[in-house]
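Notes for the one structure printed next.
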Amino acid sequence: MGITTARRLAEATSCWLHHEYLCQRAGLFDEAALKGAVGQLLSTFVIDRPARAWSNVIHPALEPFAATGAKPRIDFALAELNGNGMGKLRIAVETKWADSPHCKPANIAYDIYRLALLSHTVRSQHSYECECVFIVAGSKSRLKALLGAPPFQGSPKLPTKQGSDLSIKGKHYDSTRSGAWASYFSEAANKSALPLVAAQGFVDATVTFSPGIPALDLANSGADRSVKFGAFAWTVRGY
Numbered sequence: 001m002g003i004t005t006a007r008r009l010a011e012a013t014s015c016w017l018h019h020e021y022l023c024q025r026a027g028l029f030d031e032a033a034l035k036g037a038v039g040q041l042l043s044t045f046v047i048d049r050p051a052r053a054w055s056n057v058i059h060p061a062l063e064p065f066a067a068t069g070a071k072p073r074i075d076f077a078l079a080e081l082n083g084n085g086m087g088k089l090r091i092a093v094e095t096k097w098a099d100s101p102h103c104k105p106a107n108i109a110y111d112i113y114r115l116a117l118l119s120h121t122v123r124s125q126h127s128y129e130c131e132c133v134f135i136v137a138g139s140k141s142r143l144k145a146l147l148g149a150p151p152f153q154g155s156p157k158l159p160t161k162q163g164s165d166l167s168i169k170g171k172h173y174d175s176t177r178s179g180a181w182a183s184y185f186s187e188a189a190n191k192s193a194l195p196l197v198a199a200q201g202f203v204d205a206t207v208t209f210s211p212g213i214p215a216l217d218l219a220n221s222g223a224d225r226s227v228k229f230g231a232f233a234w235t236v237r238g239y
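Letter by letter, the sequence shown follows residues 1 to 239 in my numbering.
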């Protein structure tokens with residue numbers, strides 16, 4: 001089996017951050033800086049049709065989240081070319097910068113929730129697959145703090161080890177359901193104009209998170225103290 005998309009993105013982002021750090025550009029790091037790493041790598045994926053990497057992508061599947069204000073967008077996507085415009089999304093990526101004050105469990109859940117909706121919608125309504133990936137990147141110290149605390153260390157938790165995955169089944173966005181992530185997914189549902197627990201065909205859905213293998217091993221990274229930044233990535237699939 002070849003390297004997964006999530007792992008490829010995690011390792012490439014980690015290596016890109018380390019390269020930029022060694023070039024004395026760490027002071028420029030934030031979530032927007034990830035455009036260089038993610039965008040460059042997405043453009044290298046080979047699919048069966050001409051495609052291009054895009055940023056700030058609007059997709060009809062996200063319309064339930066557009067109650068007021070600007071339409072929600074996906075941070076990055078690899079999409080087929082349709083004339084001079086965008087065709088089918090083949091890979092969709094949401095990112096969070098761990099050192100940002102906005103990198104909180106509620107905001108992470110909101111990103112994952114939207115990716116799950118996108119994954120589910122393109123499969124059920126448009127009959128094709130869009131691979132969805134969530135990335136969290138940042139300083140090693142902040143990643144350790146974030147991934148070492150609840151809800152990442154609650155139950156159920158997002159996996160951070162090779163071969164592990166997490167399935168949250170049934171009405172998992174109900175705040176009465178036990179589990180560290182339940183209230184965050186419930187909050188994400190309530191932000192949307194049409195909560196997913198009420199969306200036809202998604203009430204008893206399953207969202208599966210499968211981890212990529214990060215280039216930065218947080219448990220053993222002390223062996224190379226020059227590594228200051230890294231990334232984790234998860235595949236998000238909505239059923």
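Cβ coordinates follow ideal geometry from the N, Cα and C atoms, glycine included. The model shown is predicted, which means the values in this text are computed figures rather than measured ones.
Look at the region 91-149 and you find these whole runs of alpha helix (DSSP H), each 4 residues long or longer: 105-126, 140-147. Beyond the five residues adjoining it in sequence on each side, residue 16 comes within less than 6 angstroms, by CB distance, of 37 in the same chain, given in chain order.
If you look at residue 14, you'll find it in the alpha helix (DSSP H) that goes 5-22. As far as DSSP is concerned, residue 56 takes part in no beta bridge. Pairwise C-beta distances place the region 81-91 out of contact with the region 19-30, as fewer than three of them are shorter than 8 angstroms. The beta carbon of residue 55 sits closer than 7 angstroms to the beta carbons of 35, 39, 75, 76 from its chain, once the five residues preceding and following it are set aside; these are given in chain order. Setting aside the 5 residues that flank it on each side, residue 12 is surrounded in the same chain by 37, 41, each with a C-beta closer than 7 angstroms to its C-beta; the list follows chain order. In the DSSP annotation of this structure, the continuous segment of the alpha helix (DSSP H) that includes residue 37 starts and ends at 34-42.
Cβ-Cβ distances below 6 angstroms link residue 61 to 117, 118, 121 in the same chain, with the five nearest sequence neighbours on each side left out; the list follows chain order.
Burial check for residue 92: the Cβ neighbour count within 10 Å reaches 16 or more, so the residue is buried.
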